[in-house]
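As structure tokens, the structure follows; a few thoughts come after it.
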Amino acid sequence: MNALIIGCGWVGTIFAKELHRLNYEVHGTTTSAEKAYRMASVGMISYVLDFSQEHPPLDHILTSINFDLILVSVPAKKIETYTSCSAKFERLSTFLQTLKSNCVIYLSSVGIYPALNKIIHEYTVPADQLDTKLYHAEFILSSKLEKLNILRLGGIFGADRIPGKHFSGKVCKVGNQPANYIHVDDICNILLTLRKQEIQREILNAVSPSHPLKAAIISAMVAKYGFSPPIAFEDTEAEEQKKIVSSEKLIKRLNYTFLYKSPTDY
Numbered sequence: 018m019n020a021l022i023i024g025c026g027w028v029g030t031i032f033a034k035e036l037h038r039l040n041y042e043v044h045g046t047t048t049s050a051e052k053a054y055r056m057a058s059v060g061m062i063s064y065v066l067d068f069s070q071e072h073p074p075l076d077h078i079l080t081s082i083n084f085d086l087i088l089v090s091v092p093a094k095k096i097e098t099y100t101s102c103s104a105k106f107e108r109l110s111t112f113l114q115t116l117k118s119n120c121v122i123y124l125s126s127v128g129i130y131p132a133l134n135k136i137i138h139e140y141t142v143p144a145d146q147l148d149t150k151l152y153h154a155e156f157i158l159s160s161k162l163e164k165l166n167i168l169r170l171g172g173i174f175g176a177d178r179i180p181g182k183h184f185s186g187k188v189c190k191v192g193n194q195p196a197n198y199i200h201v202d203d204i205c206n207i208l209l210t211l212r213k214q215e216i217q218r219e220i221l222n223a224v225s226p227s228h229p230l231k232a233a234i235i236s237a238m239v240a241k242y243g244f245s246p247p248i249a250f251e252d253t254e255a256e257e258q259k260k261i262v263s264s265e266k267l268i269k270r271l272n273y274t275f276l277y278k279s280p281t282d283y
């Protein structure tokens, strides 16, 4: 079996290792030769492709392979202008159209939703109220790729990423905010479930179903991992700045049971 990961960052590398364990031949792209070398060192067939450049190659060796799964993990970055981000995703979508696969998954973000102090499902928020760049990236890809699934991921933790550790010895100002997190092991599991069930043209929120306050998560992580807690919690967030993103649709559509139902278990 063959898999391709376009934009092989932290999540992509962890998923690649899992695919390798399952005897996939894993191909991956990144934007620099240094990163490509690191990818090759964990058993991936690596390529350098940068879609922020004006003329990425379209006559690529990847176009000759039938992929069982293509994962697209190219972010719409905050530092990019709307114009440059749009151009990048137009190039990416053009390249993806040259590839062969029945399972293409794009990793988006729950950051696409505004903070509305309510439970948010996939279609709760009108398109004109979604984050402009994140929505436009999704729109460009979905309009060009008829088999595309979109996963809107919560904040990603697991492996060497521990929730709240970066607040150690600092003042935490988001302690009273409900968490929309997901464990990287669940991401890998969900991706494999999508592949197995041959689902297409879905938009799914991927977030642990429990949403404890971030202060409670930090306290649980301090007790579990032994790092120093924040020196103080200062709640500076207004109620209307909070949100809870629901993964109910994903759970029902995939008949999926989360490995980590709450971030306090990470």
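Numbering-wise (the numbering used here), the sequence shown opens with residue 18 and increments by one. Ideal placement from N, C-alpha and C gives every residue a C-beta, glycine not left out. None of these values were measured; they are calculated from a predicted model.
Distance, residue j Cα to residue i Cα
i: residue 16; j: residue 225; result: Since the first residue of the chain shown is 18 and the last is 283, residue 16 is not available in this structure.
i: residue 116; j: residue 27; result: 24 Å
i: residue 278; j: residue 71; result: 43 Å
i: residue 142; j: residue 203; result: 25 Å
i: residue 227; j: residue 198; result: 9 Å
i: residue 144; j: residue 156; result: 10 Å
i: residue 105; j: residue 33; result: 24 Å
i: residue 267; j: residue 51; result: 36 Å
i: residue 222; j: residue 243; result: 31 Å
i: residue 90; j: residue 265; result: 23 Å
i: residue 97; j: residue 160; result: 22 Å
i: residue 39; j: residue 167; result: 23 Å
i: residue 55; j: residue 263; result: 36 Å
i: residue 46; j: residue 68; result: 11 Å
i: residue 107; j: residue 162; result: 12 Å
i: residue 83; j: residue 41; result: 13 Å
i: residue 229; j: residue 137; result: 16 Å
i: residue 60; j: residue 133; result: 44 Å
i: residue 209; j: residue 217; result: 13 Å
Rounded distance between the beta-carbons of residue j and residue i, thought under 8 Å
i: residue 135; j: residue 260; result: 7 Å
i: residue 245; j: residue 186; result: 5 Å
i: residue 219; j: residue 270; result: 7 Å
i: residue 53; j: residue 64; result: 7 Å
i: residue 20; j: residue 86; result: 5 Å
Beta-carbon proximity check, residue i vs residue j, cutoff 8 Å
i: residue 173; j: residue 201; result: yes
i: residue 110; j: residue 158; result: yes
i: residue 275; j: residue 189; result: no
i: residue 131; j: residue 114; result: no
i: residue 88; j: residue 128; result: no
i: residue 248; j: residue 181; result: no
i: residue 272; j: residue 232; result: no
i: residue 280; j: residue 196; result: yes
i: residue 164; j: residue 121; result: yes
i: residue 103; j: residue 183; result: no
i: residue 205; j: residue 62; result: no
Residue burial classification, residue i (beta-carbon count within 10 angstroms, cutoff 16)
i: residue 23; result: buried
i: residue 252; result: exposed
i: residue 119; result: exposed
i: residue 44; result: buried
i: residue 78; result: exposed
i: residue 123; result: buried
i: residue 148; result: buried
i: residue 126; result: buried
i: residue 18; result: exposed
i: residue 140; result: exposed
i: residue 283; result: buried
i: residue 150; result: buried
Quiz item: Could you give the uninterrupted runs of the beta strand (DSSP E) lying entirely in the region 134-195, keeping only those of 3 residues or more?
Solution: 165-170 and 172-174
Self-check item: Within the region 44-98, ranges of the beta strand (DSSP E) (whole runs, at least 3 residues)
Solution: 62-65 and 86-89
Practice problem: Report the residue ranges of all alpha helix (DSSP H) runs contained in full by the region 222-277; include only those spanning at least 4 residues, in chain order. | Solution: 231-242 and 265-271, all fully within the region 222-277.
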